[in-house]
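Numbering (the numbering used here), first residue to last: 93 to 411.
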Amino acid sequence: MKVEINDIAKILRNNNNFYILTHKSPDGDTLGSAGALCLALQRMGKNARVLCSDEIPEKYEFLFDGVKNQNFDPSYVISVDVADVQLLGENLFCFADRVDLCIDHHLLHRQFAKVSYVESHFAATAEIIHEIIKALSVTVDADIANCIYTGISTDTGCFRHSNTTSFSYRVAANMIDCGANAFEINKIMFDTKSHAKLSLEKIALESLEFFCKDKCAMISLTNEEIVNSGACESDFDGIAAIPRQIEGVLIGIFIKEEKKGIFKVSMRTDAIIDASKICANFNGGGHRCAAGGTIFGSLIDVKNKIISEIELYLHNTEV
Ligand code: 5GP
Ligand code: MN
């Protein structure tokens, strides 16, 4: 069923006992969106709780400072920033066929909820949550503002990615007026690296390879390297962006061996290349300039599979 923002506001007003589900390997947008929505619902006197399949990385914990711990059985289940039911993750998969409302901004969204609001012109799901909170007439306090600001700033790479719009800046500015601590959030998200992260980057850079007349650059990390580095999930933030940052590279790939023989592929592309189309060929998806998927096999097979899909794409699109 297709709905508008006002319909969502009505649905939220008419229901209670909300579970808000994020995607696995949570990022600033899914957590910021969930945090803001949970806070807004609690401010309305509703019961609301955020659930994530994975542990919430320490640097995002502040998003839930103002959230009250409430225990209740859910009667309405919402997913935020979840493009595909698989992305709910192992621990939330029990909700796979009982998501009532899905709020998302991914270009390649596979429908799974009873009601979906999916609009890919928004740079972040947090922008949609902002519109919903406005429609609910809930006052945006500093806690909500921090959540929304984090969602927008992280999904736009601090307002640098091509998905950034004047609307993103306007909402972010509005959040600063409502008390968001933009300087501190930017410092935590974009200007701080753990030791483990730096060592991961060092190992990943050693694996750098070029393909397709240097238009494509690839880095990879094996499961053994990851385990030995002592890195946690949030240490991987931004690593996928590195190969695309090289001058002349149109397609950057980061391959991460999550478990033996299971490879998570992250693709970042120049605006002239549609990463979501390439990744769709190995069952993945995402946005035009940032997409991903999972491939099983050996590292060499995975590399060959990706390269052959890219060669095919480049051949067919005459880039
Ligand atoms: P990342 O490389 O940061 O994991 O993902 C980049 C984008 O691609 C994200 O917006 C994410 O939702 C999407 N994405 C990553 N993996 C998958 C996947 O397996 N399936 C789909 N449909 N989208 C994915
Ligand atoms: Mn997002």
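Yeah, the Cβ is synthetic: ideal placement off N, Cα and C, and Gly gets one too.
When the Cα of residue i is compared with those of the options, which residue comes out closest?
i	options	result
R360	D99, V341, N373, K352	V341
A333	A323, E325, I345, G322	I345
R380	K348, D269, N255	N255
S312	A296, C324, A323	A296
E96	N396, L193, D173	L193
T386	K395, F355, I399	F355
C144	V169, L180, G377, Y405	L180
V263	K279, S245, E276	S245
I51	G384, V411, I338	Lying outside 93 to 411, the shown extent of the chain, residue 51 is not represented and no answer is given.
I398	S326, F302, C270	F302
K102	I195, A205, A227, D269	A227
H253	D173, D362, I268, R190	D362
P335	E349, G353, V230, D306	D306
I378	D176, K348, N320	The identity of residue 378 in the sequence shown is Gly, whereas the question assumes Ile. Among D176, K348, N320, the Cα nearest to that of G378 is on D176.
N417	L300, C250, L290	The structure shown does not extend to residue 417, since the chain is modelled only from 93 through 411, so no value can be given for it.
K348	F204, N108, D157, E293	E293
L204	V169, E223, A126	Residue 204 is actually Phe in this sequence, not Leu. Comparing Cα positions, the closest option is V169.
A234	H287, S358, C270	C270
K94	M136, P166, G158, D196	D196
I338	M310, F214, S321	M310
V319	K351, C308, A265, E298	K351
G322	N139, E298, I343, L290	L290
D247	S167, F282, V230, E276	F282
N266	E325, E223, A126	E223
V230	L104, G384, D327, S167	L104
G384	I343, N408, T409	I343
N315	G353, L155, G137, A188	G353
Just to check my reading of the structure: residue i and residue j have Cβ atoms closer than 8 Å, yes? What is that Cβ distance to the nearest angstrom?
i	j	result
E403	C304	6 Å
G124	A218	5 Å
K160	Q178	About 31 Å separates the two Cβ atoms, so there is no contact after all.
I225	V232	6 Å
A372	A382	The pair is not a contact, with the Cβ atoms about 14 Å apart (cut-off 8 Å).
Q162	R190	No, Q162 and R190 are not in contact; Cβ-Cβ is about 19 Å, not under 8 Å.
A274	I280	Actually they do not touch by this definition, with Cβ atoms about 11 Å apart.
D173	T122	4 Å
N109	F164	5 Å
G376	V357	7 Å
S260	A215	5 Å
S167	N106	11 Å between Cβ atoms; not a contact.
E401	I370	5 Å
D327	S286	6 Å
What does residue i pair with, by DSSP beta-bridge criteria?
i	result
V169	Y111
C308	F303, I343
R360	G344, A382
V210	D196
V142	I112
E349	F355
K160	For K160, which the question treats as bridged, DSSP gives no partner whatsoever.
F388	I354
L313	K348
G377	G384
K151	The partner list for K151 (beta bridge, DSSP) is empty, contrary to what the question assumes.
K94	S208
Between residue i and chain C, is any beta-carbon pair separated by less than 9 Å?
i	result
I224	The structure shown contains no chain C, having only a single protein chain.
Check your understanding: Is the segment 197-204 touching the segment 134-153, taking contact as three or more C-beta pairs under 8 Å?
Key -> Verdict: no, contact absent.
Review point. Would you call the segment 205-212 and the segment 111-129 touching, i.e. three or more CB-CB distances under 8 Å?
Key: Contact between the segment 205-212 and the segment 111-129 is absent, because fewer than three Cβ pairs lie under 8 Å.
Check your understanding: Counting pairs of beta carbons, one from the segment 233-243 and one from the segment 123-131, are three or more of them closer than 8 Å?
Key -> With the cut-off at 8 Å, the segment 233-243 and the segment 123-131 touch.
Check your understanding: Any contact of the segment 100-116 with the segment 181-188, i.e. 3+ C-beta pairs under 8 Å?
Key -> By the Cβ criterion, the segment 100-116 is in contact with the segment 181-188, since at least three pairs of Cβ atoms, one from each stretch, lie closer than 8 Å.
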